[in-house]
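Please read the structure below before turning to the comments.
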Amino acid sequence: MQQNQAPGSMQGAQPMAQAPDIVTIKDQLYLADMLSWNLTACKKAHFYAQNCQTPELQAALDEAGQMHQRHYNKILEHLNTQSNKPN
């Protein structure tokens with residue numbers, strides 16, 4: 261059974277060779293959401309790890325919190341690199 265593809269569908273689309281030079285309002289909102297999600301996840305994992313009695317679970321929560329902190333820092337690093345680019 262073949263499904264009709266909507267115009268502008270991403271199926272079969274090639275990735276951009278280079279990102280556009282502008283950041284839209286929608287892009288900014290999504291970046292802010294990504295930062296917020298990672299910061300919240302990092303804080304929650306740290307909180308639960310501090311209140312956990314099981315060493316294996318505590319280690320897993322610590323690792324998850326560190327992963328979210330790395331993601332948060334990587335997003336910030338990328339944004340800072342992009343904002344320092346000469347036009």
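Counting from 261, one number per residue, gives the positions in the sequence shown under the numbering used here. Built from N, CA and C at the ideal position, the CB exists for glycine as well.
Determine the burial state of residue i: buried for a count of at least 16 other Cβ atoms within 10 Å of its Cβ, exposed for fewer.
i, result
"G325", "buried"
"Y332", "buried"
"N298", "buried"
Rounded to a whole number of angstroms, what is the C-alpha to C-alpha distance between residue i and residue j?
i, j, result
"Q278", "C312", "45 Å"
"H306", "E337", "22 Å"
"L295", "I335", "7 Å"
"I285", "P315", "44 Å"
"P280", "T300", "29 Å"
"Q288", "I282", "10 Å"
Counting along the chain, where does the alpha helix (DSSP H) carrying residue i start and finish?
i, result
"N298", "285 to 310"
If we call anything under 8 Å between Cβ atoms a contact, is residue i one with residue j?
i, j, result
"L339", "L291", "yes"
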